[in-house]
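**Q** Chains as they are written, first to last, in our numbering: chain A, 101 to 319; chain B, 4 to 242; chain C, 122 to 273. Glycine included, every Cβ here is placed at the ideal spot set by N, Cα and C. All values reported here derive from a predicted model rather than from experimental measurement.
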Amino acid sequence: MTGALWRIFLRDCALLVPGGRGGGSLLPLLFFLAVAMLYPFAVGPDAPLLARTGGGVVWVAALLAAILPLDRLIAPDLERGFFDQWALRGIAEEAVMAVRIVAHWLSFGPLLMLAALPAAALLGIDGSTLRTVELGLLAGTPGLAAIGVLIAALTASLRSGAALAGLLLIPLAVPILIFGAGSLSTGGESGLALTAAISLVLLAITPFAAGGAIRAARD
Amino acid sequence: MHGFANPTRFLKLARWLTPLLLGSGLVVAAIALAWGLFAVPPDRLMGDTVRILFIHVPAAWLGMGGWTAIAIASLVELVWRHPLATVAARAAAVPGAGFTAICLLTGSIWARPTWGTWWVWDGRLTSFLVLLFLYFAYIALAGAVERDGASSRIPAIFGLVGAVNVPIINRSVVWWNSLHQPPSITIGKSAIDPAFLWPLLAATIGFSLLFGGIVLARMRMLLADIQAEARLRRKAMEA
Amino acid sequence: MNTGIKPKHQRLVLVVIALVALVGAGLLAAWALRSQASYFFVPSEMQAAPPPTGQAVRLGGMVEEGSLKTMQDGVTIAFIVGDGKARIPVRYAGIVPDLFVEGSGVVAEGRLEPDGTFVADTLLAKHDENYIPRELKDMTEAQARAAVAETQ
Chain A
101 MTGALWRIFL RDCALLVPGG RGGGSLLPLL FFLAVAMLYP FAVGPDAPLL
151 ARTGGGVVWV AALLAAILPL DRLIAPDLER GFFDQWALRG IAEEAVMAVR
201 IVAHWLSFGP LLMLAALPAA ALLGIDGSTL RTVELGLLAG TPGLAAIGVL
251 IAALTASLRS GAALAGLLLI PLAVPILIFG AGSLSTGGES GLALTAAISL
301 VLLAITPFAA GGAIRAARD
Chain B
4 MHGFANPTRF LKLARWLTPL LLGSGLVVAA IALAWGLFAV PPDRLMGDTV
54 RILFIHVPAA WLGMGGWTAI AIASLVELVW RHPLATVAAR AAAVPGAGFT
104 AICLLTGSIW ARPTWGTWWV WDGRLTSFLV LLFLYFAYIA LAGAVERDGA
154 SSRIPAIFGL VGAVNVPIIN RSVVWWNSLH QPPSITIGKS AIDPAFLWPL
204 LAATIGFSLL FGGIVLARMR MLLADIQAEA RLRRKAMEA
Chain C
122 MNTGIKPKHQ RLVLVVIALV ALVGAGLLAA WALRSQASYF FVPSEMQAAP
172 PPTGQAVRLG GMVEEGSLKT MQDGVTIAFI VGDGKARIPV RYAGIVPDLF
222 VEGSGVVAEG RLEPDGTFVA DTLLAKHDEN YIPRELKDMT EAQARAAVAE
272 TQ
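1) Report yes or no: is there a C-beta of chain B within less than 7 Å of the C-beta of D242(C)?
2) In this structure, does DSSP put G226(C) in helix, strand or coil?
3) List the residues of chain B that V274(A) touches, going by C-beta distances under 7 Å, in chain order.
4) From what residue to what residue does the alpha helix (DSSP H) around G182(C) run?
5) Would the stretch 127-137 of chain C count as touching the stretch 265-280 of chain A if we require 3 or more Cβ pairs under 8 Å?
6) On the three-state DSSP scale, how would you describe S188(C)?
7) Against chain B, does Q273(C) count as a neighbour if the rule is that its beta carbon must be under 7 Å from one of theirs?
8) For a cutoff of 7 Å on Cβ pairs, would you count A246(C) as touching chain B?
9) Please determine, among A37(B), R115(B), S111(B), the residue with the shortest C-alpha to C-alpha distance to P218(C).
10) Would you call P164(C) buried or exposed, if buried means 16 or more other Cβ atoms sit within 10 Å of its Cβ?
11) Whose Cβ in chain C lies nearer than 9 Å to the Cβ of T120(B)?
12) In chain C, what lies closer than 7 Å to I195(B) by C-beta?
13) DSSP on K206(C), reduced to helix/strand/coil?
14) Could you check whether the Cβ of E136(B) sits closer than 7 Å to any Cβ belonging to chain A?
15) What are the start and end residues of each continuous alpha helix (DSSP H) run of 4 or more residues lying completely inside the stretch 124-159 of chain C, in chain order?
16) Evaluate A136(A) with the Cβ neighbour count: other Cβ atoms within 10 Å of its Cβ, from every protein chain shown; 16 or more gives buried, anything less gives exposed.
17) If you drop the 5 nearest sequence neighbours on each side, which residues of the same chain put their C-beta closer than 6 Å to that of G209(A)?
18) State the start and end residues of the unbroken beta strand (DSSP E) segment that holds D242(C).
19) Against chain A, with Cβ distances strictly below 7 Å, would Q168(C) count as a contact?
20) In terms of alpha-carbon separation, which member of A207(C), K206(C), T243(C), D236(C) lies closest to A214(C)?
21) Rounded to whole angstroms, what is the Cα-Cα separation between A227(B) and H59(B)?
22) Indicate whether at least one CB of chain B lies closer than 7 Å to the CB of P140(A).
23) In its own chain, which residues sit with a C-beta less than 7 Å from the C-beta of G216(B), not counting the 5 before and 5 after it?
24) Checking the sheet assignment: what are the DSSP bridge partners for G231(C)?
25) Candidates T174(C), A170(C), L149(C), R232(C): which alpha carbon is nearest V211(C)'s?
26) Rounded to a whole number of angstroms, what is the C-alpha to C-alpha distance between H5(B) and L87(B)?
27) Excluding the 5 residues preceding and the 5 following L219(B) in the sequence, name in chain order all residues of the same chain whose CB lies nearer than 7 Å to its CB.
28) To the nearest angstrom, how far is it from the Cα of I171(B) to the Cα of R155(C)?
29) Mind checking which residues open and close the alpha helix (DSSP H) that includes A170(C)?
30) Flag this pair as yes or no: are the beta carbons of T295(A) and G224(A) separated by less than 7 Å?
31) Which class does G50(B) belong to by DSSP, given the choice of helix, strand or coil?
32) Considering just the uninterrupted stretch of the alpha helix (DSSP H) at A273(A), what are its terminal residues?
33) For A192(A), name the three-state secondary structure that DSSP assigns.
34) Using a Cβ-Cβ cut-off of 8 Å (strictly less than) and excluding sequence neighbours within five positions of T272(C), which residues of its own chain qualify?
35) Suppose the cutoff is 6 Å on Cβ atoms and the five residues either side in sequence are ignored; what does the same chain contact list for I314(A) look like?
36) According to DSSP, which residues form a beta bridge with D212(C)?
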């Protein structure tokens, strides 16, 4: 079982992580950097304003970058019948989903945290704020990955899935954004802890919710 | 179990219960609101603006109650696959969203003179706005599932996941220092004077009856749609 | 291909992991809420850990009885916000909400000056959870509370 899951994990990574065999996309990363670059043009070169609001912009960019690859996350495998295959081989959908959350996180989480360094330079974010942003992204991106897999699984069998994804995202992602971005202003460490707590709750729920959605979509 | 799955018995019950609930709900709500608007004395601090309480608070309870109903119906749908549960959850979403919107609107109108602002991003207000977006997402998801003929268990899963927000709304004023005051009514204890409490209870009963009536009416409508579609499909098969 | 472990047992393993994660989330949240990620700070919190000068923060507490004064310019008001443990003087120029009176709750948005005065840009009145008709207003607060308590 662990062997089979490990092979699924390697396949997911190859498909999703940039540089993998399947050619995962660098698009979310470029998108993230584009937002960090365009924002100063939009608000003007007011350094204190940029530094004060930059952390929040990084968060919004991270959220949007995390949902860019949603349509490739579940739907192609569902169409090609991979989930039926795995079910026949006795692998629980929940386990496949848990593995996919990890692969999805690997495909954007570490890269976003790396990309936050040049983004911080572009926005003029200072060292201690950058540390909070990085810790916040470490606590929050796993939750964003779980939300991504959950939404992708819920909408995989729907024709209008992509349009729905944005609407489903708002209520699910708002809490992470509030506490993640909030840790920059007033929340501090407790904001980070609450972000991590929400991430953990999402990580705990998602394999079952997404697995149930896959089973529902199959029959 | 499949004996209950037949909606005939439900439809027979709903046929006379729907107008009864809607009618009595309208009467009770009208009496309660007239009582609250004209007969109740002004509040010691807020004066006449306190009267918005009789719409705001029942709407808030029903906004949260609506999602609780969705969550329970979703659980029934997922565990027992009861066909009426799907219909009930979908029927509860629209009035639930309506009462949530009413609560946010009246709260905003009330906040302007009393707190001195239309809106603040504090725990209670934010979590209630999230609830409204959960309703929008649920209604859109259930609609898309219906259109594409996908499994009705998909919106049920979303209904259960969204239920996490309900206790957060309920506890938000206790967990965070919030501009919204702590709950006035907790189990066995009320900080609301009886002069306000009785019309509030009456308004809550009236609004709840209306809520139940709207849910039943919408369930009948959705079931009629399903039956009409099944009939069309049968005819297409025969032809 | 036989995978060894049945799907049921795979789910069981995941359930255990999920429960551990949920307990962890609960512990983190409990710790975080104790150290307060709040809409506002109360005076004792603000005195214990003053925010950097010029940073926008919110101060919440009770307006002390007898502390409300109007300055000579007729627009600026000064009062003291307390929470029973600490007191912070507040200055504000602008229109105050209806509910802003001495002895009631208030949330002020603004900045803490180096001299320890809080200069507010916005005043928000915080209502308490008690709703009492105006006829009972002439009673003292304690009497009114007792009257409410009796009728519960």
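**A** In brief:
1) Not one chain B Cβ lies under 7 Å of D242(C).
2) Three-state result, G226(C): strand.
3) V133
4) Note, G182(C): premise wrong, no alpha helix (DSSP H); beta strand (DSSP E) at 178-184.
5) no
6) Three-state result, S188(C): coil.
7) Note that Q273(C) scores 40 on pLDDT, short of 50, meaning its location in the model is unreliable and no value can be drawn from it.
8) yes
9) Of A37(B), R115(B), S111(B), the residue nearest in Cα terms is R115(B).
10) buried
11) P218, T243, L245
12) Y252
13) coil
14) According to the sequence provided, residue 136(B) is Phe. The question's Glu does not apply to it. Output row for F136(B): interface = yes.
15) 128-155
16) By the neighbour-count criterion, in which 16 or more other beta carbons inside 10 Å mark a residue as buried, A136(A) falls on the buried side.
17) T241
18) 239-247
19) no
20) T243(C)
21) Those two C-alpha atoms are separated by around 33 Å.
22) Not one chain B Cβ lies under 7 Å of P140(A).
23) T21, L24, L25, G28
24) V178(C), A241(C)
25) R232(C)
26) Since pLDDT at H5(B) reaches only 44, below the 50 mark, its modelled position is unreliable, and the value read off the structure follows with that caveat. Straight-line Cα distance between these residues: approximately 11 Å.
27) A17, L20, T21, L24
28) 16 Å
29) Where A170(C) is concerned, there is no enclosing alpha helix (DSSP H), given that its DSSP letter is neither H nor E.
30) no
31) strand
32) 261-282
33) Correct three-state label for A192(A): coil.
34) Note that T272(C) scores a pLDDT of 43, beneath 50, so its modelled location is shaky and nothing firm can be said.
35) Cβ neighbours of I314(A) beyond the five flanking positions: F183, E193, A253.
36) One point to set straight first is that residue 212(C) is Arg, not Asp, in the sequence displayed. Answer is A199(C), V240(C), bridged to R212(C).
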